[in-house]
Amino acid sequence: MAVPPNALKKWEKVRDCALKMPGAAEEHPWGETVAKVNKKVFVFLGVHDGSHPLGVTVKLTDETAHAHALTCPGARPAGYGLGKAGWVAVPLEPKGAPAAGLLCDWVEESYRAIAPKRLAAELDARRAGGRTGAESGAAP
6 MAVPPNALKK WEKVRDCALK MPGAAEEHPW GETVAKVNKK VFVFLGVHDG
56 SHPLGVTVKL TDETAHAHAL TCPGARPAGY GLGKAGWVAV PLEPKGAPAA
106 GLLCDWVEES YRAIAPKRLA AELDARRAGG RTGAESGAAP
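For what it's worth, the working numbering labels the leading residue of the sequence shown as 6, then goes sequentially.
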């Protein structure tokens with residue numbers, strides 16, 4: 006199955022945002038791409054080879070963001086019991102899927118929920134230092 010170019014571009018932007026977070030690292034457990042901080046996953050990016058629809062899974066602790074994410078076409082609580090802990094799987098391909106900027110905001114929220122406080126503070130310091138948008142890992 007071919008990956009829609011607009012969904013792939015969105016996936017690449019979200020991946021870039023995730024990897025610009027302080028201490029973030031990309032790994033490939035179970036054959037899919039994840040971003041980790043302090044050895045803990047903060048975003049599941051799935052596979053981008055066309056074998057499965059593109060999507061991201063993030064932990065949203067803010068009730069408003071969580072509810073908003075679940076209104077996106079095809080979005081659902083994440084499987085394997087993660088949905089009970091606030092994880093939401095959001096597809097990137099359907100019409101009406103969230104824009105990359107909003108997805109990057111959700112990636113940042115997920116990062117802040119998982120990252121040690123010192124790394125979250127480092128992200129805040131980057132912002133205060135005048136680095137914004139893609140430079141700091143936030144939405145463009």
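All C-beta atoms, glycine included, are put in the ideal place defined by N, C-alpha and C.
Under a three-way DSSP split, which group does E31 fall into? Look at E31 here: in three-state DSSP terms it is strand.
CB-CB under 7 Å to A94, same chain, minus the five flanking residues each way: which ones, in chain order? Correct list, in chain order: G60, T62, A80, R81, A83.
Closest by CA to H33, which one among F49, I119, W16? Comparing Cα-Cα distances from H33 to each of F49, I119, W16, the minimum goes to F49.
Below 8 Å on the Cβ atoms is my guess for A125 versus R117; work out the distance and round it to an integer in Å. Approximately 5 Å separates the beta-carbon atoms of A125 and R117; this is inside 8 Å, confirming the contact.
Distance between L128 and K15 (C-alpha atoms, nearest Å): Their Cα atoms are separated by approximately 22 Å.
In this structure, how does DSSP classify K100 when only helix, strand and coil are distinguished? Collapsing the DSSP output to three states places K100 in coil.
Please classify A133 as buried or exposed, where buried requires at least 16 neighbouring CB atoms within 10 angstroms. So A133 ends up on the exposed side.
Expected contact under 8 Å - CB spacing of W111 and A70 to nearest Å: Taking a contact as a CB-CB distance under 8 Å, the pair W111 and A70 counts as one, their CB atoms being some 6 Å apart.
Work out the CA separation of A7 and G146 for me, nearest whole Å. Residue 146 falls outside the range modelled here, since the chain spans only 6 to 145, and no answer is possible.
Any idea if G142 is buried or exposed, counting beta-carbon neighbours within 10 angstroms, 16 or more meaning buried? Its pLDDT being 43, under 50, G142 is placed unreliably in this model, and the value from its coordinates should be taken loosely. G142 is buried by the Cβ-count criterion.
Rounded to whole angstroms, what's the CA-CA distance from L13 to K122? Just pull it up for me. Approximately 32 Å, taken between the alpha carbons.
DSSP three-state label for G51, please. Strand at G51.
Under the three-state reduction of DSSP, which class applies to V8: helix, strand or coil? Three-state DSSP puts V8 in coil, outside helix and strand.
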